[in-house]
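Numbering (our numbering), first residue to last: 128 to 463.
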């Protein structure tokens, strides 16, 4: 089961004017209006987290105001050791690197990356959730929260180059530009904050290398435990991405390649709340996006490399998964 720290749910609740108790009850004027089943370790299932966001957006129709309130509400201190390590990192670059490396300790529903290979530095989020009506709002809140905290770390003078979202704009574009204080583009290839590369060198106002190193050592210990309990899903995704050039692999052959019986294979999937079909689709989507944005392969070649025998079938499937055809995705990726 995918899950996320309850701190994000509490921040969203505060942004909407509610209070969330330690037991997961949402209060309005002291009355319980919703209950959230918390998991072990102060976590919330992905389904319940997105369900909360969906419920809030339906009762608070001014989404731009809600995003702005969330950005001001979510703070590093809510994230325990990780938040303090991010806050005390010596520079903005080191803060973002810690987010990219250690955020999986508090959520397995999204991946963050810092890419400094281009003319602009790109801090991006890759959602791992299934399609959901609240996913776009959650992504907007996440990037708005990061933008606000970057300014808290380095000072209010920090300027973003731009912000991009994969989905279409659902409100007034000018309000998003005002919220992020930079150009905001919709219908792009990735959800990301773009910065001039020199901005990453800005020192954090509360940066303290000694404190940050101490906290980071603790995070490394926690990451080692996480790696020891390596996700079966991650191993399966890697195995699948290498097998597509021979067509869509059958579950039985993948199970044998991973050294287990088909029965054990399906039990491991069930233990993580997964189906083989869903993981297969995720692996195809991730590989297709990587090849479209980072390789010179033709779309026909990418179709073959992701397990399709026909380019037309691949094009229809990719549009269903991502919301746009492969050629449009590639064109936008080049310009982001």
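Glycine is no exception: its CB is placed at the ideal position from the N, C-alpha and C atoms.
Check                                                                                                                                                                               : Outcome
Can you list, in chain order, the residues of its chain with a C-beta nearer than 6 Å to that of residue 296? Leave out the 5 residues immediately preceding and following it.      : 313
Tell me which residues share the same chain as residue 255 and place their Cβ nearer than 8 Å to its Cβ, disregarding the 5 neighbours each side in the sequence.                   : 129, 235, 236, 237, 238 and 409
Counting only runs of 4+ residues fully inside the stretch 314-340, write out the alpha helix (DSSP H) ranges in chain order.                                                       : none
Write down every uninterrupted run of the alpha helix (DSSP H) in the stretch 395-430 whose length is 4 residues or greater and which is fully enclosed by it, in chain order.      : 403-421
Here's the rule I'm using: 16 or more other beta-carbon atoms within 10 Å means buried, otherwise exposed. How should residue 286 be labelled?                                      : exposed
Which full runs of the beta strand (DSSP E) of 3+ residues lie inside the stretch 168-203, going along the chain?                                                                   : 170-172
Under 8 Å, with one C-beta from each stretch per pair, do the stretch 251-270 and the stretch 167-186 reach the 3-pair mark?                                                        : yes
I need the boundaries of the beta strand (DSSP E) containing residue 161, first residue and last residue.                                                                           : 158-162
Could you tell me whether the stretch 243-253 touches the stretch 307-325, where touching means 3 or more Cβ pairs closer than 8 Å?                                                 : yes
Quick check: residue 153 and residue 140, are their CB atoms within less than 9 Å of each other?                                                                                    : yes
From this set, 219, 423 and 415, which residue's C-alpha is nearest residue 273's C-alpha?                                                                                          : 219
Run the CB neighbour count on residue 440, radius 10 Å, all protein chains shown included, and call it buried at 16 or more, exposed below.                                         : exposed
Can you tell me which of the three DSSP states residue 456 falls into?                                                                                                              : helix
Leaving aside the five residues before and after residue 358 along the sequence, list all residues of the same chain whose C-beta is less than 8 Å from its C-beta, in chain order. : 235 and 399
What is the rounded straight-line gap between the Cα of residue 149 and the Cα of residue 207?                                                                                      : 16 Å
In three-state terms, what does DSSP make of residue 145?                                                                                                                           : coil
Relative to the C-alpha of residue 248, which residue among 269, 221 and 323 is closest?                                                                                            : 323
Would you report the Cα separation of residue 283 and residue 305, rounded to the nearest angstrom?                                                                                 : 14 Å
Are three or more beta carbon pairs between the stretch 388-405 and the stretch 414-430 nearer than 8 Å?                                                                            : no
Can you give the Cα-Cα distance for residue 288 and residue 379, rounded to whole angstroms?                                                                                        : 48 Å
Beta-carbon within less than 8 Å of residue 190's beta-carbon, same chain only, minus the 5 sequence neighbours each way: which residues are those?                                 : 184, 264, 267, 297 and 298
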